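Okay, structure first, notes after.
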Amino acid sequence: MPHFRGLFYEKIWISTLFVTLAAVANAACNTDSWDVATASAKNIENGGIRYEGLCALDGSTGFVQQSIPKTTTIYYRFFVFVEKAQTNLTIFTLTDGINNANFVVDGSNFKFAGKTVAFNVGKWNSVRIHINAGNVSLAINDAPPLTGVTILSRGVTGMSLGKLGGSVNGKLYFDAFVASSNVIPENASVFLSEQGKSDILIPGDANGSGSIDTQDATLIMDEIKNNGNAAGVPDCTKDGVIDIRDAVCAVNKI
Ligand SMILES: [Ca+2]
Ligand SMILES: [Ca+2]
């Protein structure tokens with residue numbers, strides 16, 4: 031990606047995560063708002079990195095970046111809200127340290143490696159990516175995963191999430207980012223909620239059904255027990271870690 035090296039310049043190192051020094055420091059939901067210190071406490075070998083904060087990530091203010099030990103098998107999952115149609119806006123980039131693979135919103139489509147996948151403008155979309163020895167499975171919302179594309183077969187060493195190329199038309203938000211060696215369900219229920227007052231998804235809605243009930247608490251416990259990652263937003267406390275407090279938090283919302 032041509033912008034990668036230039037944007038790299040703006041970064042400071044915070045543990046395993048870079049965070050953009052946003053020009054508008056007082057914005058409520060800029061890149062600084064995500065709890066990077068907590069999220070970075072987990073590494074990829076221990077099941078994943080969860081990256082969120084007290085609000086959604088405002089991608090229009092910059093981007094976040096994460097480096098990991100090189101791996102040929104990894105799952106990524108995040109939710110993205112794009113208010114309006116875009117023109118070649120790169121929102122997610124994977125790298126092997128030399129080459130990059132860009133994921134782009136163009137018009138009201140999601141584009142990757144010359145492929146086009148339907149996307150929803152004005153709603154939250156789930157994006158799930160699984161790379162195994164260079165073979166990609168890309169699932170947007172409830173659509174069957176796109177397969178048959180090979181990228182970065184040498185392994186993945188990092189990702190960038192946010193405004194990475196092009197200009198943002200309207201609002202651009204991200205929420206509930208996960209990088210994990212654990213399976214992330216690809217065809218689970220998805221969030222298609224309209225932008226809410228707080229811009230965030232429903233913390234504690236672990237299955238992404240749009241409401242919180244006992245199933246969500248069960249999924250949170252499953253994730254605590256390393257039985258796989260929930261498809262929705264199990265981090266009820268929004269601190270970047272899934273633990274018993276999230277199960278309690280979800281139960282309290284029932
Ligand atoms: Ca639910
Ligand atoms: Ca939590």
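Whatever position you read off the sequence shown (first residue = 1), add 30 for the numbering used here.
All C-beta atoms in this analysis are idealised placements derived from N, C-alpha and C, irrespective of residue type, glycine included.
Treat the numbers as computed from the prediction; the structure is a model and nothing was measured.
- Pairing ALA236 with PHE149, the inter-Cα distance amounts to about 22 Å.
- Within the same chain, PHE133 and LEU191 come within 6 Å of PHE122 by CB-CB distance, once the 5 residues on both sides are set aside.
- According to the DSSP assignment, ASP136 belongs to the beta strand (DSSP E) that extends over 130-137.
- Here the alpha carbons of ASN118 and LYS141 stand approximately 9 Å from one another.
- In terms of Cβ geometry, ASP246 and GLY234 form a close pair [threshold 8 Å].
- In the structure shown, ASP252 adopts helical secondary structure according to DSSP, grouped into three states.
- As computed with DSSP, ALA209 is found in a beta bridge with ILE79 and TYR106.
- Listed by position along the chain, the residues with Cβ atoms less than 5 Å from a non-hydrogen atom of ligand 1 are ASP235, ASN237, SER239 and ASP246.
- Contact check for LYS193 and GLY89: beta-carbon distance about 5 Å, within the 8 Å limit, so the pair qualifies.
- Under the DSSP definition of a beta bridge, PHE142 partners with PHE133 and LYS145.
- Closer than 7 Å to some heavy atom of ligand 2: that does not describe the Cβ of ILE230.
- With fewer than 16 other Cβ atoms from the protein chains shown falling within 10 Å of its own Cβ, SER197 counts as exposed.
- A distance below 7 Å between beta-carbons, with the five flanking residues on each side excluded, links CYS279 to the following residues of its chain, in chain order: GLY234, CYS266 and THR267.
- In this structure, the C-beta of VAL271 approaches ligand 2 to less than 7 Å from one of its heavy atoms.
- Counting of Cβ neighbours within 10 angstroms places ASP273 among the exposed residues, the total staying below 16.
- Residue state for ASN199 is assigned as coil, using DSSP reduced to three classes.
- Boundaries of the beta strand (DSSP E) harbouring ILE159: 154-162, taken from the DSSP string.
- In the DSSP assignment, LYS283 falls within the alpha helix (DSSP H) that extends over 274-283.
- For GLY262, same chain residues with a beta-carbon under 6 Å away, outside a window of 5 residues either side, are ASP235, ALA236, ASN237 and GLY238 in chain order.
- A distance of 8 Å or more separates the beta carbons of ALA115 and VAL147.
- In this structure, the C-beta of ARG107 stays at least 7 Å away from each heavy atom of ligand 2.
- If you compare the alpha carbons of ALA277, PRO264 and GLY188 with that of ILE128, the shortest gap goes to GLY188.
- Classified as exposed, THR180 has fewer than 16 neighbouring CB atoms from the shown chains inside 10 Å of its CB.
- The stretch 85-100 and the stretch 163-173 do not touch, with fewer than three beta-carbon pairs separated by less than 8 Å.
- Close CB contacts of LYS283 within its chain, under the 8 Å cut and outside five residues either way in sequence, are with GLY234, ILE242 and CYS266 (chain order).
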